[in-house]
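Student: Please find one structure pasted underneath; my questions will follow.
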Amino acid sequence: MQHLKVSIVFIFFAIISANGQYTETINSNRPGESQGAYAVGKNVLQLEAGAYMGHENHILYNSDTDILGASYGLRYGFLTEILELNFFGSFQDQVTSIPVGNSTDEFKTSNFTTNIIGAKFLLFDPNVSIQEREVNLYSWEANQRMDFRSLIPAVSIYAGANFMWWENPYMFEGESEISPKAAVITQQNWGRWVLVMNFIADKFTEEFPSYGGVFTLTHAITPEFAIFGEFQTYISDLYADELVRGGAAYLLSKDFQLDISGLVNFKDTPSRWQVAAGVSFRLDFHEDDEYIEDTYEGERNKNGEKLEETGFYKEDEERKK
10 MQHLKVSIVF
20 IFFAIISANG
30 QYTETINSNR
40 PGESQGAYAV
50 GKNVLQLEAG
60 AYMGHENHIL
70 YNSDTDILGA
80 SYGLRYGFLT
90 EILELNFFGS
100 FQDQVTSIPV
110 GNSTDEFKTS
120 NFTTNIIGAK
130 FLLFDPNVSI
140 QEREVNLYSW
150 EANQRMDFRS
160 LIPAVSIYAG
170 ANFMWWENPY
180 MFEGESEISP
190 KAAVITQQNW
200 GRWVLVMNFI
210 ADKFTEEFPS
220 YGGVFTLTHA
230 ITPEFAIFGE
240 FQTYISDLYA
250 DELVRGGAAY
260 LLSKDFQLDI
270 SGLVNFKDTP
280 SRWQVAAGVS
290 FRLDFHEDDE
300 YIEDTYEGER
310 NKNGEKLEET
320 GFYKEDEERK
330 K
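Its first residue numbered 10, the sequence shown is counted upward by one per residue in our numbering.
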């Protein structure tokens, strides 16, 4: 039993000492709703915030709702390259108009719609765990064959807690002030393309749990400019929907990003549209020379001396001098 305990401790410290998380440029979740599998990096503090406006029309209730809101997130790389502590939330102001006879009644609602504290832990990183395919010097055909190892994603788990205050109008009747949220996150990097998938269980101890997924595909047009498309599904007895998002992000510097996005849905109970804009900024206190070798921020060779410009990140040659 004592040997088992020692082995568990050894494995734990071997896991948290794995490198391959920090990127030279900001690694933001915005403007999509999914979380990437990778953490921000040890001792990196990152702020992600934005504003949005939208409209909902419910055909059964004959109601129209105008929406203004703000979303915010704070992420911190804690102790190791593969552990991230984070806080995400949103505040929303909405006015709902319902025709009554020859007049219209208006109902205004303002409060926090979400506040979630959680942690994300990287379980598997293919850049660290899987050896790259060696170049075959004798066969061009062998080198052109598909490398199925590129289909293996990085995998993280996320666990968090929703915090809602008493008498919040966005809470359903009987909802607890604290409820759990969990997710499995995968990420695949193919040069300029990145596919992120989130499989989510939210408030699963409550009367109306919610399950769903977010699937985000990002493409870097240049080292500074990228576009994305996203599909999100909600499965719940309280609210079910499918949303499509699209948008773009621009890297002003290695620590500062701007973004815009929009969404629509596919039903009329209610129909929805929304536009949003935001920023991401990080305070980089990272000291160790640990990098992700292949992400949309860029591809780095094993010595870390030369960078192919295949993503957001562009090598700062002056830093190497």
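Beta carbons are placed, not taken as given, at the ideal position from N, Cα and C, and that holds for glycine.
Here the structure is a predicted model, which means the values were calculated and not measured.
#1: Indicate the three-state DSSP secondary structure (helix, strand or coil) for residue 37 in the structure shown.
#2: Just the Cα atoms here: how many angstroms apart are residue 21 and residue 191?
#3: Whose C-beta lies closer than 6 angstroms to the C-beta of residue 289 among residues of the same chain, with five residues either side of it excluded?
#4: Residue 228 to residue 249, Cα distance in whole Å?
#5: When DSSP labels each residue in this structure, what does residue 198 get in the three-state scheme?
#6: Return the bridge partner residues of residue 360 from the DSSP annotation.
#7: Using the Cα positions of residue 205 and residue 194, report the straight-line distance between them to the nearest angstrom.
#8: Leaving out five residues on either side along the sequence, give the residues of the same chain with a beta carbon under 7 angstroms from the beta carbon of residue 181.
#9: Could you name the residues of the same chain whose beta carbon sits closer than 6 angstroms to that of residue 55, not counting the 5 residues immediately before and after it, in chain order?
#10: Alpha carbon to alpha carbon, what distance is there between residue 101 and residue 11?
#11: Can you name, in chain order, every residue of its own chain whose Cβ lies under 6 angstroms from the Cβ of residue 124, other than the five neighbours on each side?
#12: With respect to the beta strand (DSSP E) encompassing residue 69, which residues constitute its N-terminal and C-terminal limits?
#13: Among 43, 80, 64, whose alpha-carbon lies nearest the alpha-carbon of residue 287?
#14: Would you mind reading off the limits of the beta strand (DSSP E) that contains residue 255?
#15: Apply the 10 Å Cβ neighbour rule to residue 212 and answer buried if 16 or more other Cβ atoms are within range, or exposed otherwise.
#16: Suppose you measure from the CA of residue 302 to the CA of residue 32; what does that come to, to the nearest Å?
#17: Could you tell me the alpha carbon to alpha carbon distance between residue 201 and residue 75, rounded to whole angstroms?
#18: Identify the residues that DSSP records as bridge partners of residue 293: which are they?
#19: Grouping DSSP H, G and I as helix and E and B as strand, with all else coil, what is residue 162?
#20: From residue 92 to residue 43, what does the alpha carbon distance come to, in whole angstroms?
#21: Kindly indicate the opening and closing residues of the beta strand (DSSP E) around residue 241.
#22: Let me know the secondary structure DSSP gives residue 279 once reduced to three states.
#23: I'd like the span of the beta strand (DSSP E) that includes residue 225, first residue to last.
#24: Which residue comes first and which comes last in the beta strand (DSSP E) that contains residue 274?
#25: Suppose contacts are defined by Cβ-Cβ distances below 8 angstroms. Is residue 68 in contact with residue 277 by that definition?
#26: For residue 108, collect the residues of the same chain with a Cβ closer than 7 angstroms to its Cβ; drop the 5 residues on either side in sequence, then sort them by chain order.
#27: Who pairs with residue 103 in a beta bridge, going by DSSP?
#28: When you measure from the CB of residue 253 to every non-hydrogen atom of the ligand NAP, does any distance come out below 7 angstroms?
#29: Which residues in the same chain have their Cβ closer than 8 angstroms to the Cβ of residue 271, if we skip the five residues on either side of it in sequence?
#30: Please classify residue 113 as buried or exposed, where buried requires at least 16 other C-beta atoms within 10 Å of its C-beta.
Tutor: Taking the geometry as given:
#1: The answer is coil: DSSP assigns residue 37 none of H, G, I, E or B.
#2: Unreliable positioning characterises residue 21 in this predicted model, as indicated by a pLDDT of 37, which lies under 50. The coordinate reading is nonetheless provided below. The alpha-carbon atoms of residue 21 and residue 191 are separated by roughly 21 angstroms.
#3: Counting only Cβ-Cβ distances below 6 angstroms, and skipping sequence neighbours, we find 35, 37, 39, 57, 266.
#4: Here the alpha carbon of residue 228 sits roughly 29 angstroms from the alpha carbon of residue 249.
#5: Three-state result, residue 198: strand.
#6: Only positions 10 to 330 of the chain appear in this structure, which leaves residue 360 out of reach.
#7: The C-alpha of residue 205 lies about 7 angstroms from the C-alpha of residue 194.
#8: Around residue 181: 217, 247.
#9: Counting only Cβ-Cβ distances below 6 angstroms, and skipping sequence neighbours, we find 49, 84, 291.
#10: Low confidence applies here, because residue 11 scores a pLDDT of 44, under 50, leaving its location unreliable; read the following figure in that light. The alpha-carbon atoms of residue 11 and residue 101 are separated by roughly 53 angstroms.
#11: Residues 98, 172 of the same chain have their beta carbon placed closer than 6 angstroms to that of residue 124, with the five preceding and five following residues left out of the count.
#12: Careful: residue 69 lies outside any beta strand (DSSP E) and carries neither H nor E.
#13: Measuring C-alpha to C-alpha distances from residue 287 to each of 43, 80, 64 identifies 80 as the nearest.
#14: Note, residue 255: beta strand (DSSP E), 250–262.
#15: Residue 212 comes out buried.
#16: At residue 302 the pLDDT is 45, less than 50, meaning the model places this residue with poor confidence and gives no usable figure here.
#17: Cα to Cα, the separation comes out at about 37 angstroms.
#18: For residue 293, DSSP records a beta bridge to 53.
#19: The answer is coil: DSSP assigns residue 162 none of H, G, I, E or B.
#20: Rounded to whole angstroms, residue 92 to residue 43 spans 17 angstroms at the Cα level.
#21: From DSSP, the beta strand (DSSP E) with residue 241 extends over 234–244.
#22: Taken through DSSP and simplified to helix, strand or coil, residue 279 comes out as coil.
#23: The continuous beta strand (DSSP E) containing residue 225 extends over residues 219–229.
#24: Under the DSSP assignment, residue 274 falls in the beta strand (DSSP E) whose first and last residues are 265–274.
#25: A contact, by the Cβ cut-off of 8 angstroms.
#26: Excluding positions up to five away in sequence, the list reads 71.
#27: In DSSP, residue 103 forms a bridge with 76, 118.
#28: Among the components modelled here there is no ligand, and therefore nothing to report on the ligand NAP.
#29: Within the same chain, 254, 255, 256, 282, 283, 284, 285 come within 8 angstroms of residue 271 by CB-CB distance, once the 5 residues on both sides are set aside.
#30: It counts as exposed.
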